[in-house]
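Residue numbers (the numbering used here): 3 to 221.
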């Protein structure tokens, strides 16, 4: 029988140091039995999985039930390949940020939580959006000039024309930030604030943006 997820709750796939945000993609190798079941149930119902991040210091508890950061993101399964050994290779697209609440005990082989949609504010004034975009494009120019590989330069050019949310979120998941800094971005409640926070965090880590390994940014 299918394991059904009720309205207001989500199937949760916890990972360490891997962030999903709306309009970004993550590629997942799924091999643990309970998460194979999660993917199977998702494919047979709404094709949705909630990605959550394991709290810092608890990564070694992955096979158990480690504590999770409350800021998470529901993703839609865009593609799922079943490997010969029965494992899955899943392409997940972020569609909705949520705040995890209570873990639901019993009733499913994998972890599920009640949740609330995140109240995420979008900019209402074009000058505000344009000012942020201008700074992000300046940052991309910096990355392009320092990219030593054609692949890295192609990646930079490929995201220049993204609409603002997609551009901000792509950079958030691509930058090689520490987990605590990634979760600061995930906790942000408005797009403009998230974009400027990203620029501040990158500036703190790379004051002159020097020695940035672009090959680690390409997804």
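Beta carbons are placed, not taken as given, at the ideal position from N, Cα and C, and that holds for glycine.
Comparing C-alpha positions only, which one of 104, 54, 59 and 200 sits nearest to residue 167? Checked all of 104, 54, 59 and 200; the closest Cα to residue 167 is 200.
How many angstroms separate the CA atom of residue 151 from the CA atom of residue 160? Spanning the two alpha carbons is a distance of roughly 14 Å.
Taking C-alpha atoms, which residue in 173, 63 and 41 lies nearest to residue 88? Residue 88 has its Cα closest to that of 41, out of 173, 63 and 41.
Using only the alpha-carbon positions, how far apart do residue 213 and residue 110 sit? In this prediction, residue 213 has a pLDDT of 46, which is less than 50 and means its spatial position is unreliable; what the coordinates show is noted afterwards. Here the alpha carbon of residue 213 sits roughly 47 Å from the alpha carbon of residue 110.
Which of helix, strand or coil does DSSP assign to residue 53? Note: residue 53 maps to strand in three-state DSSP.
Would you report the Cα separation of residue 29 and residue 37, rounded to the nearest angstrom? The alpha-carbon atoms of residue 29 and residue 37 are separated by roughly 14 Å.
Cβ-based burial, residue 196 [other Cβ within 10 Å; buried from 16]: By the 10 Å Cβ count, residue 196 comes out buried.
Pull the bridge partners of residue 79 from the DSSP assignment, please. BP columns for residue 79 point to 94.
Go ahead and label residue 119 buried or exposed: buried means 16 or more other beta carbons lie within 10 angstroms of its beta carbon, across all protein chains shown. Answer is exposed; the Cβ neighbour count stays below 16.
State buried or exposed for residue 130, treating a residue as buried only when at least 16 other CB atoms are found within 10 Å of its CB. Its Cβ having fewer than 16 others within 10 Å, residue 130 is exposed.
Is DSSP giving residue 13 helix, strand or coil here? Of the three classes helix, strand and coil, the one that applies to residue 13 here is strand, per DSSP.
With a threshold of 8 Å, are at least 3 pairs of Cβ atoms found where one atom belongs to the stretch 63-83 and the other to the stretch 139-148? Contact between the stretch 63-83 and the stretch 139-148 is not established, with fewer than three Cβ pairs separated by less than 8 Å.
With which residues is residue 27 paired in a DSSP beta bridge? BP columns for residue 27 point to 95.
Going along the chain, which residues of its own chain have a beta-carbon closer than 6 Å to the beta-carbon of residue 80, five neighbours each way excluded? Counting only Cβ-Cβ distances below 6 Å, and skipping sequence neighbours, we find 93 and 95.
Separation of residue 22 from residue 182, as counted between CA atoms: The straight-line gap from Cα to Cα measures roughly 15 Å.
Is it right to say residue 191 is buried, meaning 16 or more other beta carbons lie within 10 angstroms of its own, or is it exposed? Result: exposed.
For residue 101, the residue or residues it bridges with in DSSP: Its beta-bridge partners are 73 and 118.
On the DSSP letters alone, give me the boundaries of the alpha helix (DSSP H) that residue 177 sits inside. Here residue 177 belongs to no alpha helix (DSSP H), and DSSP marks it neither H nor E.
Tell me which residues share the same chain as residue 203 and place their Cβ nearer than 8 Å to its Cβ, disregarding the 5 neighbours each side in the sequence. For residue 203, same chain residues with a beta-carbon under 8 Å away, outside a window of 5 residues either side, are 177, 179, 183, 186 and 187 in chain order.
What do you get for residue 43, buried or exposed, if any count of 16 or more other CB atoms within 10 angstroms of its CB means buried? Buried is the call here.
Is the CB-CB distance between residue 139 and residue 162 below 8 Å? Contact: yes.
Beta-carbon proximity of residue 55 to residue 18, cut-off 8 Å: Going by C-beta atoms, residue 55 is nearer than 8 Å to residue 18.
With distances taken Cα to Cα, identify the nearest neighbour of residue 132 among 65, 164, 61 and 60. For the residues 65, 164, 61 and 60, the minimum Cα distance to residue 132 belongs to 164.
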